[in-house]
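Notes for the one structure printed next.
There are 2 protein chains.
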Amino acid sequence: MTTYKAPLREYRFLLQELFDVGELAKLPGYEDATPDVFEQVLEEGAKLCEEVLFPLNRSGDEEGCTFENGVVRTPKGFKEAYDLFRQGGWTALVCDPEYGGQGLPHTLQFLVEEMVSSANMSFGMYPGLSNGAYRAIWHHGSAAQKRKFLPRLVDGSWSGTMCLTEPQCGTDLGQIRTRAEPAGTDGVYKITGTKIFISAGEHDLTDNIVHLVLARIVGGPPGIRGISLFIVPKFLVKDDGGLGPRNGVRCGSIEHKMGIKASATCVINFEEAEGYLLGEAHKGMRAMFTMMNAARLGVGLQGLALGETAYQTARQYAQDRLQGRALAGDKFPDKPADPIIVHPDVRRMLLTMKAYTEGARALAAWVSLALDRAERDPDPAAREEADDFIGLMTPIIKAMLTDNAFAATNLGVQIFGGHGYIREWGMEQLVRDSRITMLYEGANGIQALDLVGRKMPMHNGRLLRRFFHPVDAWLRQRLEKPELQEFVMPVMKAFGRLQQVTALVAQKGMADPDEAGAAASEYLRAFGLVAMGYLWARIAEIALGRLGGDEALFYKGKLATARFYMARVLPETNTLFVNIAAGAKSLMELEAEAF
Amino acid sequence: MTTYKAPLREYRFLLQELFDVGELAKLPGYEDATPDVFEQVLEEGAKLCEEVLFPLNRSGDEEGCTFENGVVRTPKGFKEAYDLFRQGGWTALVCDPEYGGQGLPHTLQFLVEEMVSSANMSFGMYPGLSNGAYRAIWHHGSAAQKRKFLPRLVDGSWSGTMCLTEPQCGTDLGQIRTRAEPAGTDGVYKITGTKIFISAGEHDLTDNIVHLVLARIVGGPPGIRGISLFIVPKFLVKDDGGLGPRNGVRCGSIEHKMGIKASATCVINFEEAEGYLLGEAHKGMRAMFTMMNAARLGVGLQGLALGETAYQTARQYAQDRLQGRALAGDKFPDKPADPIIVHPDVRRMLLTMKAYTEGARALAAWVSLALDRAERDPDPAAREEADDFIGLMTPIIKAMLTDNAFAATNLGVQIFGGHGYIREWGMEQLVRDSRITMLYEGANGIQALDLVGRKMPMHNGRLLRRFFHPVDAWLRQRLEKPELQEFVMPVMKAFGRLQQVTALVAQKGMADPDEAGAAASEYLRAFGLVAMGYLWARIAEIALGRLGGDEALFYKGKLATARFYMARVLPETNTLFVNIAAGAKSLMELEAEAF
């Protein structure tokens, strides 16, 4: 069985040592979100995740969801767990107090999301999707729409979905065929079409499901400019807020997937379903995109969450499993064999997992703090700055964190040897569950194009400058500190090369978009590794000052991992920079039929 | 659904263009193994694999094996397919004609194994294990043992297993507890103990199962020097060859695994089972190791086999799936969208798969030709040379080919986007099935230790020289050929650095074994990438000369893939060499409890 204890000490390190979460409480509306409140909420969340959600993770995977006559049942225990989750107020955490929410910061929400996913990623999909729907309606809904739908999404008695994909289109939403016909009343439409891959599209956890559906208003412009967003509830909602008759929304089937088996992935058929235009007609994509940053960050968090569980479990196994002897001679001659953690290669795998997961969490926390500033800072310039940073980092968080998480969960299996392949141990489930994070919310290749094709040129490179300048300043200020050389120098070197290839990619991409496309994935990864390296250098600086106290082991762990990062992880950029410089030719020269 | 057509053109390229399979027919005993015979056998094998085995691959995964009251049932259709397989003589291919075999070369057997695994890896496990048992008895058995067991293993009416692992030990076989007590008659023992992870340990395909069991003769030396190998049949065999009573061998359960679900992985309990000492007492490990090279090569082949199926299927999808537009402008304005193969990043993924899979096959063919020479060459010096080469390359083939295969099957999923995650499409099964290849027959970290700790120092580096010298000579002969510069130069550079780090690792490893252990995995990978780069350079040389003919597209594909390899794959060594040079410190400094 896997092991999971919420990494509360790690959270404290990020919130109070690496970053200063106290700053959040100075923002209007966040006055109550003091570091103490963070601690309390995280402790409560930890309990729920460890005691309620985590024990359902294996059984949920084994049992999966079932589909019969249009009804989807979640695995045993999920309904009870969901009721506890919702009664605990966890669906309301980040929501607007006007609709019953607790108005707490995104930063806190993200840490809770991480714990939930570490414990039971499939479970986390249900409230996660609701939160997306909540956000879309909160941002774009009319006052009446908000009054009607938000309170029940906030208290979790209803859930939400995002209905984008159709059989013929996922990435390319301009091909959407689901159509909306005006139904006579202003803003009311009849929605008809089939959507696939709808997470939480149908289930038995809530009384109603609020679908957010992308559809084409009949007679609207073709392609992506004719797509609108609609609210389509499973049950119609009466004026008094009570449930009316069933709407024309039916689950056609559920998908049988590699993982996240306890998350219902549905085919949803809309047949003249009553839907309400959300935001402006034909501007559905824009409305959808406002949810996208948070959703993509959330997927990155799912990744690191599974990396955490894999790490905790593999660490335990490596310390317990007696097999073979240390290469340099027996470490525990009185035991039948040494624990496998004596082996350099096992340590290499564990340290990679640790470096990836803790580095990812630092990166995600950095961005989520910006998300709160972008929403709440009274200074428009500060908001813009935060927004730029989020825009730049979102594709990196989504893609790199999920790639790394898949690598980390696989290293976890590898440390277990053959036992890692056996379902009972739970390690292979982490691999299967994490695999989806590289695919949904825009496959990772799409993230790379977003970075290179949109974020990089945006505002003449302003987003990039907003990252490059402070990092550069931080590094330069430490050039003279001998104890930091081993961290600052490798990051500085990689950072310099990153700036060079940035110019190269921008320049070549201008002349030939395929050049940008050819560099995209490796550029994103190099950027992410440098950004993470910068954070590991900052972490090392903190750890160096705290090796003497009670928690020496904790800081030694940080320091050793930072060293490992510089010696063994960051050098991946050597390859990436060469690959980027190689350009598009070797990718594009071959005729499609010669593959 | 996945797609699979046996890559017969690829086989011809390897056997007749890159290498010269005609040489094999000059070896004594292989006179009949002409290139024509190779072609015929491969064509027949292709039919069986495409038409019989491949259609059972998905259903076999969905259904899995079942266990009830000690009886294991393989999925629907497997028994019929196995009967066809055995009636076609496929279990006898490489076996000694004295026992009913066809005496064909290993090289041919390996290509057939690849096709079988591409079509249905789980199915291939059953005859694969039998072949291992055949080989052990053929090498180490007495004349009576051979007469008793080999003909039925050869004709496939019985199958075999290798029983090594126990709950407390996999890698560290010195910890084996299964015991053998002399039963009165010379060479006969009572075997008692529990073995786990026994592939094909129990099933319904054959009349009898011949287990090869590692056990400790009571009173023998402790540790690995007290392990002996025994033949333990499921049913006792009468003197006339007929089946006698059931032996004390029972299947306790089957494992529920991540993949290869149609392959029965069994817990086998031996209770005073009658067993026959195979080879010398206490020398069981040595006997086991004679099977190991072939078994490890076989696992490498399973890897590339799944990479091939993933590549064929992903290529088809990338050519068919219309989604989005080419970055540089519409390629097919008359279609609703362009096929995704127009995108540089999709091509990057496909070319990586192609480079890995075809490079792997070339590497494996090179080694399997040596295997045939090592067995049959009348010149002892030539045999020794071939043996050295096999010893050196086996861990590389096992580890790198399976790491690459897992990467390739995952790229296949990535090209499919969300559809890749859905079981119906079959892509995720390839990921799950391929994952085991990195774990069994010695996890890949163990392979790396075998390379660095055993093969590198063996005979004062003779194995390495046997690889370095001819590669060096080949490269030097081509230094002046302008058309080969783009291939020879990058390989030469990486090859030079490989020689440097070889000296470094050997030197540091002598002083501190942890230094060798810290470098092992990355050294193995760097070695493999250079060896594969050398083969891609040779392939490019051939392709360059044949671009004009009917098969221009085929050779263009080879050439473009060779270029891609130099530009985008081989540069991974840049990182690996840096990692190797970083040494053990960053891995070893942290206390185990600080992880």
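Taken in sequence, the protein lines are chains A and B.
FYI, the numbering used here numbers position 268 of the first sequence as 268, with every residue one higher than the one before it.
FYI, the numbering used here numbers position 447 of the second sequence as 1447, with every residue one higher than the one before it.
Cβ atoms here follow ideal geometry from the backbone N, Cα and C, with glycine treated the same way.
Remember, it's a predicted structure, so these values are computed and weren't measured experimentally.
*Name the two residues that bound the continuous beta strand (DSSP E) containing glutamate 98 (chain A).*
Taking the first residue of the first sequence as position 1, residue 98 (chain A) is located at position 98. Premise fails: glutamate 98 (chain A) is in no beta strand (DSSP E) and is neither H nor E.
_Please give me, in chain order, every unbroken run of the alpha helix (DSSP H) with length at least 4 that falls completely inside the stretch 1443-1494 of chain B._
1444-1449 and 1462-1477
_the stretch 1517-1524 of chain B contacting the stretch 1484-1496 of chain B, beta-carbon criterion three pairs below 8 Å_ = no
*Is there a Cβ from chain A that is less than 9 Å from the Cβ of threonine 1194 (chain B)?*
Counted from its first residue, the second sequence places residue 1194 (chain B) at position 194. Not one chain A Cβ lies under 9 Å of threonine 1194 (chain B).
_Within chain A, partners of tyrosine 1421 (chain B) - CB distance below 7 Å_ = To locate residue 1421 (chain B), count along the second sequence from 1; it is residue 421. Near tyrosine 1421 (chain B) (Cβ distances below 7 Å), the residues of chain A are Lys257, Met258, Arg435, Ile436 and Leu439.
*Taking only the alpha-carbon atoms, compute the straight-line gap between aspartate 1550 (chain B) and lysine 1558 (chain B) and give it to the nearest angstrom.*
As a first step, residue 1550 (chain B) is located in the second sequence; it is residue number 550 there, counting from the start. As a first step, residue 1558 (chain B) is located in the second sequence; it is residue number 558 there, counting from the start. If you draw a straight line from the Cα of aspartate 1550 (chain B) to the Cα of lysine 1558 (chain B), it comes to about 15 Å.
*aspartate 1433 (chain B) and methionine 1121 (chain B) look like a contact to me (Cβ under 8 Å); what is the Cβ gap, rounded to whole Å?*
If you number the second sequence from 1, residue 1433 (chain B) lands on position 433. If you number the second sequence from 1, residue 1121 (chain B) lands on position 121. Yes, they are in contact, since the Cβ atoms of aspartate 1433 (chain B) and methionine 1121 (chain B) sit about 5 Å apart, within 8 Å.
*Mind pulling the chain A residues with CB within less than 7 Å of arginine 1568 (chain B)?*
Along the second sequence, read from residue 1 onward, the residue named residue 1568 (chain B) stands at position 568. Near arginine 1568 (chain B) (Cβ distances below 7 Å), the residues of chain A are Asn579, Ala582 and Ser586.
*Does the beta carbon of phenylalanine 1487 (chain B) come closer than 9 Å to any beta carbon on chain A?*
Working through the second sequence from its first residue, we reach residue 1487 (chain B) at position 487. Judged by the 9 Å Cβ criterion, phenylalanine 1487 (chain B) is not in contact with chain A.
*Decide yes or no for the touch test of the stretch 10-20 of chain A against the stretch 65-77 of chain A: beta carbon pairs closer than 8 Å, at least 3 of them.*
no
_Would asparagine 1410 (chain B) pass as an interface residue toward chain A - the criterion being a Cβ-Cβ separation below 9 Å?_
Taking the second sequence and counting its residues from 1, the one referred to as residue 1410 (chain B) is at position 410. So yes, asparagine 1410 (chain B) belongs to the interface.
_Suppose the cutoff is 7 Å on Cβ atoms and the five residues either side in sequence are ignored; what does the same chain contact list for phenylalanine 564 (chain A) look like?_
For the purposes of this step, residue 564 (chain A) is identified with residue 564 of the first sequence, where counting begins at 1. For phenylalanine 564 (chain A), where only same-chain residues beyond five positions count, the Cβ hits under 7 Å are Leu351 and Ala355.
*How big is the Cα-Cα spacing for isoleucine 137 (chain A) and lysine 1398 (chain B)?*
Taking the first residue of the first sequence as 1, we reach residue 137 (chain A) at position 137. Taking the first residue of the second sequence as 1, we reach residue 1398 (chain B) at position 398. The alpha-carbon of isoleucine 137 (chain A) is positioned some 54 Å away from that of lysine 1398 (chain B).
*asked:* Rounding to the nearest angstrom, what Cα-Cα distance links methionine 438 (chain A) and aspartate 1036 (chain B) in this structure?
replied: Taking the first residue of the first sequence as position 1, residue 438 (chain A) is located at position 438. Taking the first residue of the second sequence as position 1, residue 1036 (chain B) is located at position 36. Each residue's alpha carbon lies about 46 Å from the other.
_Going by DSSP in three states, lysine 1234 (chain B) sits in which element: helix, strand or coil?_
Start at 1 with the first residue of the second sequence, and residue 1234 (chain B) comes out as number 234. Of the three classes helix, strand and coil, the one that applies to lysine 1234 (chain B) here is coil, per DSSP.
*aspartate 1345 (chain B) burial status per 10 Å Cβ neighbour count (16 or more: buried)*: Indexing the second sequence from 1 puts residue 1345 (chain B) at position 345. Buried, by the Cβ-count rule.
_Need the endpoints of the beta strand (DSSP E) that tryptophan 1158 (chain B) sits in, please._
Counting from one through the second sequence, the residue named residue 1158 (chain B) turns up at place 158. If you look at tryptophan 1158 (chain B), you'll find it in the beta strand (DSSP E) that goes 1158-1163.
_If I follow the unbroken beta strand (DSSP E) through leucine 1278 (chain B), where does it start and stop?_
Mapped onto the second sequence, residue 1278 (chain B) falls at position 278. From DSSP, the beta strand (DSSP E) with leucine 1278 (chain B) extends over 1265-1278.
_For glutamate 551 (chain A), the three-state DSSP class (helix, strand or coil)_ = The residue labelled residue 551 (chain A) in the question sits at position 551 within the first sequence. Reduced to three states, the DSSP call for glutamate 551 (chain A) is coil.
*For chain B, find out if any of its Cβ atoms is closer than 9 Å to the Cβ of glycine 303 (chain A); answer yes or no.*
Position 303 of the first sequence holds residue 303 (chain A). Output row for glycine 303 (chain A): interface = no.
*Would you mind sorting proline 571 (chain A) into buried or exposed? The rule is 16 or more other CB atoms within 10 Å of its CB.*
Position 571 of the first sequence holds residue 571 (chain A). Proline 571 (chain A) should be labelled buried.
*Between the C-alpha atoms of valine 431 (chain A) and phenylalanine 406 (chain A), what's the straight-line distance to the nearest angstrom?*
Within the first sequence, residue 431 (chain A) is the residue found at index 431, counting from 1. Within the first sequence, residue 406 (chain A) is the residue found at index 406, counting from 1. The straight-line gap from Cα to Cα measures roughly 6 Å.
*Between glycine 60 (chain A) and the rest of its own chain, which residues show a CB-CB distance below 6 Å, the 5 nearest in sequence each way excluded?*
Counting from one through the first sequence, the residue named residue 60 (chain A) turns up at place 60. The answer, listed in chain order, is Pro75, Ser122 and Ala262.
*Give me the Cα-Cα distance between serine 1199 (chain B) and alanine 1273 (chain B), rounded to the nearest whole angstrom.*
For the purposes of this step, residue 1199 (chain B) is identified with residue 199 of the second sequence, where counting begins at 1. For the purposes of this step, residue 1273 (chain B) is identified with residue 273 of the second sequence, where counting begins at 1. Serine 1199 (chain B) and alanine 1273 (chain B): Cα-Cα distance of roughly 19 Å.
*asked:* Which of the three DSSP states is assigned to isoleucine 260 (chain A) in this structure?
replied: Counting from one through the first sequence, the residue named residue 260 (chain A) turns up at place 260. In the structure shown, isoleucine 260 (chain A) sits in coil (DSSP, three-state: anything other than H, G, I, E or B).
*Proximal chain A residues relative to lysine 1234 (chain B), where beta-carbon distance stays under 7 Å*: Working through the second sequence from its first residue, we reach residue 1234 (chain B) at position 234. Within chain A, no residue has its CB atom less than 7 Å from the CB of lysine 1234 (chain B), the nearest being about 23 Å off.
*What's the C-alpha gap between alanine 180 (chain A) and isoleucine 446 (chain A)?*
Taking the first sequence and counting its residues from 1, the one referred to as residue 180 (chain A) is at position 180. Taking the first sequence and counting its residues from 1, the one referred to as residue 446 (chain A) is at position 446. One C-alpha to the other measures close to 28 Å.
*Would the stretch 268-286 of chain A and the stretch 206-221 of chain A be scored as touching if the rule is three or more Cβ pairs under 8 Å?*
Three or more beta-carbon pairs separated by less than 8 Å link the stretch 268-286 of chain A to the stretch 206-221 of chain A, which places the two stretches in contact.
_Using CA atoms only, rank isn't needed, just tell me which of B:Leu1173, B:Gly1201, B:Thr1206 and B:His1211 is closest to isoleucine 1191 (chain B)._
If you number the second sequence from 1, residue 1191 (chain B) lands on position 191. Of B:Leu1173, B:Gly1201, B:Thr1206 and B:His1211, the residue nearest in Cα terms is B:His1211.
*What does glutamate 593 (chain A) reach in chain B if we use C-beta pairs closer than 7 Å?*
Residue mapping note: residue 593 (chain A) aligns to position 593 of the first sequence, counting from 1. Simply Leu1553.
*Cross-strand partners of phenylalanine 1527 (chain B) (DSSP beta bridge)*: In the second sequence, counting from the first residue as 1, residue 1527 (chain B) sits at position 527. Paired residues: none, contrary to the question.
*Assuming valine 232 (chain A) and asparagine 247 (chain A) form a contact by the criterion Cβ under 8 Å, report the distance between their Cβ atoms to the nearest whole angstrom.*
Position 232 of the first sequence, counted from the start, is the residue given in the question as residue 232 (chain A). Position 247 of the first sequence, counted from the start, is the residue given in the question as residue 247 (chain A). Between asparagine 247 (chain A) and valine 232 (chain A) the Cβ distance is about 7 Å, and since that is below 8 Å, they are a contact.
*Is the Cβ of arginine 179 (chain A) closer than 9 Å to any Cβ of chain B?*
Translated into the one-based positions of the first sequence, residue 179 (chain A) becomes position 179. Arginine 179 (chain A) does not count as touching chain B.
*State the beta-bridge partners of asparagine 208 (chain A) as determined by DSSP.*
To locate residue 208 (chain A), count along the first sequence from 1; it is residue 208. Within the DSSP secondary-structure output, asparagine 208 (chain A) pairs in a beta bridge with A:Trp158.
*When the Cβ atoms of the stretch 1085-1099 of chain B are set against those of the stretch 1141-1160 of chain B, are three or more pairs found closer than 8 Å?*
yes
*Going by the CB atoms, is the gap between phenylalanine 1230 (chain B) and leucine 1277 (chain B) shorter than 9 Å?*
The residue you call residue 1277 (chain B) lines up with position 277 of the second sequence. The residue you call residue 1230 (chain B) lines up with position 230 of the second sequence. Contact: yes.
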